[in-house]
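A.B. asks: This is the structure I want to talk about, given as C-alpha cells.
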Amino acid sequence: MRRLVATMTAVLLAVVFPAFTPPAVAAVETGYTALFDGTRASLDRWRQAGPGGFSLEPDGSLKSYGGMGLLWFPERQFRDYSLKLDWMMPGDDNGGVFIGFPDPQGDPWKPVSQGHEIQIDASDSSTARTTGAVYSFQAPDVAARDAVLNPPGQWNSYEIRVQGTRIKVLLNGVLVNDYVSSRDVASGHVGVQNDGAGLDISYRNIRIKEEGLAYGRPVAVSSVEQGNVLVGAHAVDGDPATRWGSAYADPQWISVDLGAVRSLARVRLRWEVAYARAYRVETSNDGTSWTTVWSTTAGDGGVDELTLSGVTGRHLRIYGTQRGTGWGYSLWELQVW
Numbered sequence: 028m029r030r031l032v033a034t035m036t037a038v039l040l041a042v043v044f045p046a047f048t049p050p051a052v053a054a055v056e057t058g059y060t061a062l063f064d065g066t067r068a069s070l071d072r073w074r075q076a077g078p079g080g081f082s083l084e085p086d087g088s089l090k091s092y093g094g095m096g097l098l099w100f101p102e103r104q105f106r107d108y109s110l111k112l113d114w115m116m117p118g119d120d121n122g123g124v125f126i127g128f129p130d131p132q133g134d135p136w137k138p139v140s141q142g143h144e145i146q147i148d149a150s151d152s153s154t155a156r157t158t159g160a161v162y163s164f165q166a167p168d169v170a171a172r173d174a175v176l177n178p179p180g181q182w183n184s185y186e187i188r189v190q191g192t193r194i195k196v197l198l199n200g201v202l203v204n205d206y207v208s209s210r211d212v213a214s215g216h217v218g219v220q221n222d223g224a225g226l227d228i229s230y231r232n233i234r235i236k237e238e239g240l241a242y243g244r245p246v247a248v249s250s251v252e253q254g255n256v257l258v259g260a261h262a263v264d265g266d267p268a269t270r271w272g273s274a275y276a277d278p279q280w281i282s283v284d285l286g287a288v289r290s291l292a293r294v295r296l297r298w299e300v301a302y303a304r305a306y307r308v309e310t311s312n313d314g315t316s317w318t319t320v321w322s323t324t325a326g327d328g329g330v331d332e333l334t335l336s337g338v339t340g341r342h343l344r345i346y347g348t349q350r351g352t353g354w355g356y357s358l359w360e361l362q363v364w
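By my numbering, the letter at position 305 of the sequence shown is numbered 332, and the numbering carries on one by one without gaps.
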C-alpha cells in the first residue's frame, strides 16, 4: 500500500509540477555571434533603459511589458554589420529594433533622436511608421512587405544591414527598405523596444555579424578555378556558403577596393579546405604599388584573425605564395575592419 501511495504521489507531482526543461540554445549561422540566444546568461548581458522591460519566456523568447523602454546591448558598438532577429506580435501591437545610437544613459528617447528605429507596427496611419519603415524617415516598399509579412501570432524575421550610413531592411528574406541616413549611425549600439502597456511584442534569437569594410566592394583576382563559378566577389558578399577559388598554382592573389583610404586594424580570413601555407597581406593607395603589412609561412587554414597596427590603404590584397594543399587558394570570407 505504501509503495502504491508513493507511486501515485509521484505521478500527481509530475502532472502538477512538470520537470522544467530549459529552452534549447538558438542556432547561430556561420559568421554570426549570438547577442541573445534564449538563455538567462545571454539576457543578463543586456541593459534596460526606461520603464517596463522584458520577461524571459519558457520557449527562450523575450516578452515585453510596460514602457516606453529599450533593452539594449551595452558591451560594444557595432560598425558595418548584419543584425538578425525574430519578432512576433499577438495582435495590433507595436515594437521596433534600434540601431546606431550611443549609450542612452538610461533615457530610452535618446536612441529615437540619435539612432534609427526599424519599425514593427501593422496599422499606423502613416506608412513611414509601419512594419519595415525606418521610423518617420522612409516608408517600406509596401507591396514587397505585404507579400511576405506573416500575420499577428506568427513569427517574422528581420535582417538589418548597416554599411556606413546605408541601412537595408529585409523582412523574411526580402528587401523592403533601402535608406541612406543623414544621421551618424555608422557606429553604435543595438536594442529592442518595449513600446508600452498593452502593446505586446516578443523577440528571439538576436545575433550579429560584422561584415566590415570589404563587404560588397569591387574585387580583383589573379585567377578563378577552371570550369567553376568561384568568383572573387563571393569572398566579400556576406554569404558564408559562397567562396572564391583560384587556379591550382602558385602564386595567386585576391584584392579588394575599399573605396577610399582607410585606417585598417583587423583582417579576418575564413579559408576553405584549400588554404594558404604562406601568404602576405598588402595594402596600396593606388592599386599598383603594394606594401606588405603582415605575412606568414606557417598558415594552417581555418579562420585567421590578423591584427594590424598603424596601417592605412584603399586597396588590400591577400597574396598567396605557397598552397597548403594540392588545390588552389579558396576563401569563404575576406573581412576587413
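A virtual CB, placed ideally from N, CA and C, is assigned to each residue, including glycine.
Closest Cβ-Cβ distance between Glu102 and chain C: below 9 Å?
C.D. replies: The structure shown contains no chain C; it holds only a single protein chain.
A.B. asks: So, are the CB atoms of Val203 and Leu291 less than 9 Å apart?
C.D. replies: The residue given as residue 203 occupies position 176 in the sequence shown. The residue given as residue 291 occupies position 264 in the sequence shown. No, they are not a contact pair.
A.B. asks: For the candidate residues Gly254, Ala241, Gly259, whose alpha-carbon lies nearest to that of Val248?
C.D. replies: As a working note, residue 248 is residue 221 in the sequence shown. Comparing Cα positions, the closest option is Gly259.
A.B. asks: By the DSSP assignment, the beta strand (DSSP E) with Gly173 in it spans what residues?
C.D. replies: In the sequence shown, the residue the question calls residue 173 occupies position 146. Residue 173 is actually Asp in this sequence, not Gly. Where Asp173 is concerned, there is no enclosing beta strand (DSSP E), although the alpha helix (DSSP H) it sits in stretches over 169–175.
A.B. asks: Does DSSP put Leu333 in a helix, in a strand, or in coil?
C.D. replies: On the sequence shown, position 306 is the one that residue 333 refers to. Residue state, collapsed to three classes: strand.
A.B. asks: Taking the alpha helix (DSSP H) that Gly263 falls in, what are its first and last residues?
C.D. replies: As a working note, residue 263 is residue 236 in the sequence shown. Note that residue 263 is Val in the sequence shown, not Gly. For Val263, there is no enclosing alpha helix (DSSP H), as DSSP marks it with neither H nor E.
A.B. asks: When DSSP labels each residue in this structure, what does Thr48 get in the three-state scheme?
C.D. replies: The sequence position of residue 48 within the sequence shown is 21, counting from 1. Caution is warranted here: a pLDDT of 48 is assigned to Thr48, below 50, making its placement in the model unreliable, and the coordinate value is therefore given only provisionally. Coil.
A.B. asks: Considering only the alpha carbon of each residue, which of Asp120, Asn232, Leu257 lies closest to Tyr59?
C.D. replies: Taking the first residue of the sequence shown as 1, we reach residue 59 at position 32. The shortest C-alpha separation from Tyr59 is found at Asn232.
A.B. asks: Using a Cβ-Cβ cut-off of 6 Å (strictly less than) and excluding sequence neighbours within five positions of Thr48, which residues of its own chain qualify?
C.D. replies: For the purposes of this step, residue 48 is taken as the residue at position 21 of the sequence shown. Any reading at Thr48 must be qualified, since the residue scores a pLDDT of 48, below 50, and its modelled position is unreliable; the value itself is stated next. A distance below 6 Å between beta-carbons, with the five flanking residues on each side excluded, links Thr48 to no residue of its chain.
A.B. asks: Asp148 and Asn177 look like a contact to me (Cβ under 8 Å); what is the Cβ gap, rounded to whole Å?
C.D. replies: Locating residue 148 in the sequence shown gives position 121, counting from the first residue. Locating residue 177 in the sequence shown gives position 150, counting from the first residue. 15 Å between Cβ atoms; not a contact.
A.B. asks: Which one of Lys111, Glu238, Val201, Gln104 has the shortest CA to CA distance from Pro130?
C.D. replies: Residue 130 sits at position 103 when you count from the first residue of the sequence shown. What sits at residue 130 in the sequence shown is Asp, not Pro. Out of Lys111, Glu238, Val201, Gln104, the CA that lies nearest to the CA of Asp130 is found in Gln104.
A.B. asks: Would you list, in sequence order, the uninterrupted beta strand (DSSP E) runs of no fewer than 3 residues that lie entirely inside the region 198–229?
C.D. replies: 201–207, 214–221
A.B. asks: Given this structure, state the Cα-to-Cα distance separating Ile345 from Val256, to the nearest angstrom.
C.D. replies: Residue mapping note: residue 345 aligns to position 318 of the sequence shown, counting from 1. Residue mapping note: residue 256 aligns to position 229 of the sequence shown, counting from 1. Between Ile345 and Val256, the C-alpha separation is close to 20 Å.
A.B. asks: DSSP on Gln141, reduced to helix/strand/coil?
C.D. replies: Taking the sequence shown and counting its residues from 1, one reaches residue 141 at position 114. Gln141 falls in the helix class under three-state DSSP.
A.B. asks: DSSP puts Asp284 in a beta bridge; with which residues?
C.D. replies: As a first step, residue 284 is located in the sequence shown; it is residue number 257 there, counting from the start. His342, per the DSSP bridge assignment.
A.B. asks: Got a sec: does the ligand SAM put a non-hydrogen atom nearer than 8 Å to the Cβ of Thr348?
C.D. replies: The model depicted lacks the ligand SAM and carries no ligand whatsoever.
A.B. asks: With Val263 and Val246 assumed to form a contact (beta carbons below 8 Å), what rounded beta-carbon distance in angstroms separates them?
C.D. replies: Counting from 1 along the sequence shown, the entry for residue 263 is found at position 236. Counting from 1 along the sequence shown, the entry for residue 246 is found at position 219. Their Cβ separation, rounded to whole angstroms, is 6 Å, which keeps Val263 and Val246 in contact under 8 Å.
A.B. asks: Mind checking who Trp321 pairs with in its DSSP beta bridge?
C.D. replies: By one-based count along the sequence shown, residue 321 stands at place 294. Note: Trp321 sits in a beta bridge opposite Val308.
A.B. asks: Give the straight-line distance between the Cα atoms of Arg172 and Gly159, rounded to the nearest whole angstrom.
C.D. replies: Taking the first residue of the sequence shown as position 1, residue 172 is located at position 145. Taking the first residue of the sequence shown as position 1, residue 159 is located at position 132. Near 7 Å, if we compare the C-alpha coordinates of Gly159 and Arg172.
A.B. asks: I'd like to confirm the pairing. Which residues does DSSP put opposite Asp327 in its beta bridges?
C.D. replies: Counting from 1 along the sequence shown, the entry for residue 327 is found at position 300. In the DSSP output, where bridge partners are listed per residue, Asp327 has none listed.
A.B. asks: Please report how far the alpha carbon of Arg234 lies from the alpha carbon of Asp64, in whole angstroms.
C.D. replies: On the sequence shown, residue 234 is found 207 positions in, with the first residue counted as 1. On the sequence shown, residue 64 is found 37 positions in, with the first residue counted as 1. Taking the straight line joining both Cα atoms gives about 8 Å.
A.B. asks: When the Cα of Ala68 is compared with those of Gly87, Gly77, Gly80, which residue comes out closest?
C.D. replies: The residue given as residue 68 occupies position 41 in the sequence shown. The shortest C-alpha to C-alpha distance from Ala68 to any of Gly87, Gly77, Gly80 is the one to Gly87.
A.B. asks: Shortest alpha-carbon distance to Asn183 belongs to which of Glu237, Tyr206, Trp114?
C.D. replies: By one-based count along the sequence shown, residue 183 stands at place 156. The shortest Cα separation from Asn183 among Glu237, Tyr206, Trp114 belongs to Trp114.
A.B. asks: With a CB to CB cut of under 7 Å and the five nearest residues on each side skipped, what residues in its chain are close to Pro135?
C.D. replies: Your numbering for residue 135 matches position 108 in the sequence shown. Around Pro135: Ala76, Gly77, Met95, Gly96, Leu97.
A.B. asks: For Asp148, which beta-bridge partners are listed by DSSP?
C.D. replies: In the sequence shown, counting from the first residue as 1, residue 148 sits at position 121. Looking at the DSSP output, Asp148 sits in a beta bridge with Asn121.
A.B. asks: His143 to Ser209, Cα distance in whole Å?
C.D. replies: Position 116 of the sequence shown, counted from the start, is the residue given in the question as residue 143. Position 182 of the sequence shown, counted from the start, is the residue given in the question as residue 209. Approximately 11 Å, taken between the alpha carbons.
A.B. asks: Considering only their Cβ atoms, is the gap separating Ile194 from Trp207 smaller than 9 Å?
C.D. replies: The residue labelled residue 207 in the question sits at position 180 within the sequence shown. The residue labelled residue 194 in the question sits at position 167 within the sequence shown. Note on identity: in this sequence residue 207 is Val, with Trp being the wrong assignment. Cβ atoms of Val207 and Ile194: closer than 9 Å.
A.B. asks: Let me make sure I understand the geometry here. Which of Tyr242, Gly225, Trp99 has the alpha-carbon closest to that of Asp71?
C.D. replies: Taking the sequence shown and counting its residues from 1, one reaches residue 71 at position 44. With distances taken between Cα atoms, Asp71 lies closest to Trp99.
A.B. asks: Just how far apart, CA to CA, sit Leu226 and Pro117?
C.D. replies: Residue numbering aside, residue 226 sits at position 199 when the sequence shown is read from its first letter. Residue numbering aside, residue 117 sits at position 90 when the sequence shown is read from its first letter. Near 9 Å, if we compare the C-alpha coordinates of Pro117 and Leu226.
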